[in-house]
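Data first, discussion second: the structure below is written as structure tokens.
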Amino acid sequence: MVSSKTTKRKPAKKSLVIVESPAKAKTIEKYLGRNYKVLASKGHVRDLPKSRMGVDIEHDYEPTYISIRGKGDTIKELKKEAKKAKRVYLAADPDREGEAIAWHVAHLLDLDLNDNNRVVFNEITKDAVKESFKSPRSVDMKLVDAQQARRVLDRLVGYSISPILWQKVKKGLSAGRVQSVALKLVIDREKAINNFKPEEYWSIPTHFQSGTKKKDIFEAAFYGVNDKKKELKSQTDVQQVLQKLDQKADFTVAKVVKKERKRYPSAPFTTSSLQQEANRKLNFKTRKTMMLAQQLYEGINLGSRQGSVGLITYMRTDSTRIASVAKHEASQFLHDEYGERYAATKIKKTKNPEGAQDAHEAIRPTSVKRTPESLKKVLTRDQFRLYTLIWNRFLASEMTPAVLDTMTVTIEQNQVQFRANGSKIKFDGFLKLYKDDKKTKDNWLPDLTAGQSVKMVDTNPEQHFTQPPARYTEASLVKALEVNGVGRPSTYAPTIDTIQRRYYVKLNGRSFEPTELGEIVDDLIEKYFPDIVNMDFTAHLEDELDGIEAGKEKWTKVVDEYYQPFSKELKDADEKIEKLQIKDEPAGMNCDICGAPMVIKLGRYGKFYACSRFPDCRNTKAIIKEIGVTCPKCGEGQVVERKSKKNRIFYGCSRYPECDFVDWDKPINRNCPKDGHYLVEKKVKGGRQVICPNGDYQEEIQK
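Take the UniProt record's numbering: the last position of the sequence shown gets the number 703, and nothing is skipped along the way.
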């Protein structure tokens with residue numbers, strides 16, 4: 001008789017997939033099924049040591065990598081799971097930094113770099129993820145070397161210049177390749193503003209009437225004399241023009257030009273254009289934009305039926321290319337939702353920015369069928385706003401152009417010409433979905449014909465002065481870095497964050513202003529390390545890094561070509577830079593603890609009051625700006641200007657916390673004539689307006 005013993009089956013081994021973030025891990029594990037286990041490395045697992053240079057300059061710039069402090073448990077878990085896994089896949093982000101993370105993980109887990117264990121996908125959707133696992137490849141050492149070159153160069157520059165700044169200026173300062181160029185851009189713009197000399201010029205806006213009705217009145221501006229454009233530089237020039245005119249006599253319509261013009265939609269977002277547009281339209285800081293985009297890319301839980309889904313493609317890209325399957329889906333959606341008139345019929349060829357790597361598609365929704373409105377309940381307010389911007393921009397890029405009727409009219413008397421321009425939207429096209437920064441409001445002129453007589457209603461010469469260049473905002477600074485070829489999309493957010501944290505620049509409203517500390521650092525770097533802030537030199541280095549990625553350059557050679565001249569500048573700077581003494585300014589008041597004079601010191605986060613007997617007396621106070629208004633709540637304190645954690649200006653009582661008066665708008669020394677409540681000055685479009693926060697009283701806008 002045969003005994004029937006039941007043998008216990010061993011559970012089948014699972015394949016281990018290692019990604020960067022826990023959110024991404026959950027999404028991908030759901031797509032791959034039960035034969036896979038997905039873990040997160042939680043970013044980098046190895047890096048250069050913080051306590052020393054970590055680069056052996058004498059031996060071909062050999063970097064010394066160590067496990068990052070605090071990552072011990074994560075590394076231990078990865079090693080444990082890798083040992084019992086059937087196979088290990090490395091699925092870090094699809095860029096240089098992601099490739100380097102995969103390489104570091106492979107080193108820690110002792111994986112064979114020749115194995116086809118690297119998977120990449122541009123979007124976290126079920127089809128894209130499953131497809132990527134059909135064709136894994138080996139770790140691309142060209143990408144790793146390009147990232148290593150950047151990391152080593154940044155370490156050589158930062159860990160060489162920073163100690164000099166600590167020694168010669170003050171502790172806590174830093175310098176870097178891209179951040180030094182960004183700082184220089186802000187400071188050069190400030191110099192241009194300070195050196196700007198306004199020039200006077202005049203205009204002669206004039207109203208004409210072609211008929212008897214109100215709608216027949218239109219505005220034209222002085223153009224020139226004898227068909228030649230003339231600039232009006234003074235009031236004398238204006239008088240000479242007006243003397244030629246008989247304002248009571250008729251004017252003649254000399255020429256009418258009517259044209260049909262097309263306005264084409266912008267390309268879908270790259271990292272840089274997304275950062276710029278989110279700053280302009282949503283007032284998002286660059287870092288916030290990238291954080292929200294990362295969340296949308298890694299996956300949002302859409303509910304029990306769908307689970308976690310990646311809503312946009314990879315957000316670090318400099319390409320405007322779109323996959324044909326996405327174009328087809330967009331075209332079908334536009335036909336169904338808006339009609340065939342709105343769906344572009346020709347395949348548009350988008351031109352990538354010069355120097356673009358074109359490794360990934362543009363930033364787009366993974367499916368246009370997931371409309372912003374359908375996702376509103378599962379997204380946070382800011383996620384929804386950013387997703388809407390991305391969705392609208394992508395879909396608009398696949399729509400037909402807007403068609404505008406334009407009209408240019410030349411009006412003449414005694415060889416003096418005025419011109420009027422009008423336009424109206426004939427067909428809205430992509431503007432139905434996405435409003436660009438250009439004016440789209442109809443401004444149509446009366447129906448005029450050449451030879452027709454018109455009458456002058458009034459003329460009002462206006463004096464103007466040329467304006468200095470505007471300070472950089474986050475959006476325009478990102479654009480300047482991109483135009484000059486400095487850095488790459490992934491570096492803009494941390495660069496802008498660094499120059500603010502170091503207090504080299506500060507935000508005044510939405511514009512950057514350099515600080516005294518920033519000017520000192522920039523002056524030293526420009527004088528002793530000119531190549532660091534030379535934009536052509538820095539842009540050339542980016543090209544060299546691209547060359548490493550393409551396999552045309554050896555990374556150690558690129559680093560050496562950069563470091564050798566830099567090391568000579570370093571030695572020269574160490575010898576020649578004298579220690580700078582940042583002198584304390586008298587504060588004009590005494591310490592309320594020990595009675596000694598107070599001084600104004602420059603700290604890491606700006607200026608502050610401190611006792612001159614420091615360190616014996618450690619009394620410090622924040623510098624606050626009084627606005628000359630007595631607190632309307634307690635009547636004892638002064639209203640002072642303060643800043644919130646997000647750097648937004650608000651107004652409060654100097655006696656806080658005894659008095660908790662606070663207002664976002666600036667109080668003024670007048671009360672409302674209706675109810676006696678204090679009035680405030682509020683920023684509005686076109687200027688400022690005095691209003692009563694307690695009622696409907698308001699005064700005219702002050703431009």
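Cβ coordinates follow ideal geometry from the N, Cα and C atoms, glycine included.
As the structure is a prediction and not an experimental result, all values here were calculated from the model.
Integer-rounded CB distance, given that residue j should sit under 8 angstroms from residue i
| i | j | result |
| --- | --- | --- |
| R419 | Y223 | 4 angstroms |
| A254 | I411 | 7 angstroms |
| T74 | V45 | 7 angstroms |
| T317 | T366 | Going by Cβ atoms, the distance from T317 to T366 rounds to 14 angstroms, so no, they are not a contact pair. |
| A91 | V55 | Not quite, the Cβ-Cβ distance comes to about 29 angstroms (not below 8 angstroms), so this is no contact. |
| Y492 | Q275 | 6 angstroms |
| G518 | V533 | Not really, about 13 angstroms apart at Cβ, beyond 8 angstroms. |
| F218 | F251 | Contact flag wrong, Cβ pair sits at about 12 angstroms. |
| I161 | A149 | So it is not a contact: roughly 18 angstroms between Cβ atoms. |
| E398 | K327 | 6 angstroms |
| K24 | E298 | 4 angstroms |
Which listed residue (the options) has its alpha carbon closest to that of residue i
| i | options | result |
| --- | --- | --- |
| H677 | G695, L156, F427 | G695 |
| L183 | V639, R316, Y472, A146 | Y472 |
| G98 | S21, R370, L48, E337 | S21 |
| K293 | T408, I363, K281, P565 | Here residue 293 is Ala; the residue named in the question, Lys, does not match the sequence. Nearest of T408, I363, K281, P565 to A293, Cα basis: I363. |
| K633 | N671, K621, G603 | N671 |
| F566 | K229, F284, P693, I525 | I525 |
| E513 | D47, I187, K126 | I187 |
| K50 | C591, L156, L242 | L156 |
| D246 | E337, Q415, L302 | Q415 |
| S31 | R52, L48, S273, K126 | In the sequence under discussion, the amino acid at residue 31 is Tyr, which differs from the Ser named in the question. The option with the nearest alpha carbon to Y31 is K126. |
| H464 | K233, P494, L541 | K233 |
Own chain, CB closer than 7 angstroms to residue i, minus 5 neighbours either side, in chain order
| i | result |
| --- | --- |
| K666 | I627, Y651, V680, E681 |
| L113 | A106, S138, V139 |
| K14 | N35, Y36, K37, A85, K86 |
| Y609 | A587, M598, I600, T620, K621, I623 |
| A82 | L16, V88, L109 |
Same chain, Cβ closer than 6 angstroms to residue i, five either side skipped, listed in chain order
| i | result |
| --- | --- |
| W103 | V139, V144 |
| D60 | T556 |
| M407 | K258, G422, L445 |
| E354 | Annotation note: pLDDT 49 at E354 (below 50); position unreliable, coordinate value reported separately. So no residue of the chain qualifies. |
| A356 | Per-residue confidence for A356 stands at a pLDDT of 45, beneath the threshold of 50, marking its modelled position as unreliable; no derived number is given. |
Neighbourhood of residue i by C-beta distance below 8 angstroms, restricted to the same chain and skipping five residues each side
| i | result |
| --- | --- |
| C631 | G637, Q638, V639, C653, S654, R655, C659, F661 |
| P673 | Y697 |
| D358 | Residue placement at D358 is poorly supported in this model, since its pLDDT is 44, which falls under 50; the coordinates are not used for a value here. |
| D428 | A402 |
| K79 | L108, L109 |
| Y387 | L296, L311, I312, P365, P372, L375, L379 |
Where residue i sits in the DSSP three-state scheme
| i | result |
| --- | --- |
| E482 | helix |
| A343 | strand |
| E354 | Confidence at E354 is low in this model, with a pLDDT of 49, below 50, so its placement is unreliable and no value can be given for it. |
| H677 | coil |
| H104 | helix |
| Y89 | strand |
| F465 | strand |
| G429 | helix |
| T400 | coil |
| Q689 | strand |
| G98 | helix |
| I593 | coil |
| T408 | strand |
| K376 | coil |
| K191 | helix |
| R419 | strand |
| L334 | helix |
| S612 | coil |
| K76 | helix |
| G588 | strand |
| E361 | coil |
| V629 | strand |
| G603 | strand |
| I390 | helix |
| P22 | helix |
Contact test: residue i Cβ vs the ligand MN heavy atom, cutoff 7 angstroms
| i | result |
| --- | --- |
| P22 | Only the bare structure without any ligand can be found here, which leaves the ligand MN out of the picture. |
Residue-chain proximity (residue i, chain C), Cβ-Cβ < 8 angstroms
| i | result |
| --- | --- |
| E277 | Given the protein chain composition of this structure (a single chain), no chain C is represented. |
Just list the alpha helix (DSSP H) runs in the region 224 to 267, keeping only unbroken ones of 4 residues or longer that don't cross its boundaries, in chain order. Look at the region 224 to 267 and you find these whole runs of alpha helix (DSSP H), each 4 residues long or longer: 235 to 243.
4 or more residues per run - each alpha helix (DSSP H) lying fully within the region 484 to 567: Those alpha helix (DSSP H) runs which fall completely within the region 484 to 567 and span 4+ residues are 489 to 501, 516 to 528, 535 to 549.
In chain order, each alpha helix (DSSP H) run of at least 4 residues that lies wholly inside the region 165 to 212: As for any alpha helix (DSSP H) of minimum length 4 sitting wholly inside the region 165 to 212, the runs are 177 to 194, ordered along the chain.
Output the residue ranges of the alpha helix (DSSP H) runs that lie fully inside the region 36 to 66 and measure 4 residues or longer, sorted by chain position. With a minimum length of 4 residues, no continuous alpha helix (DSSP H) run stays inside the region 36 to 66.
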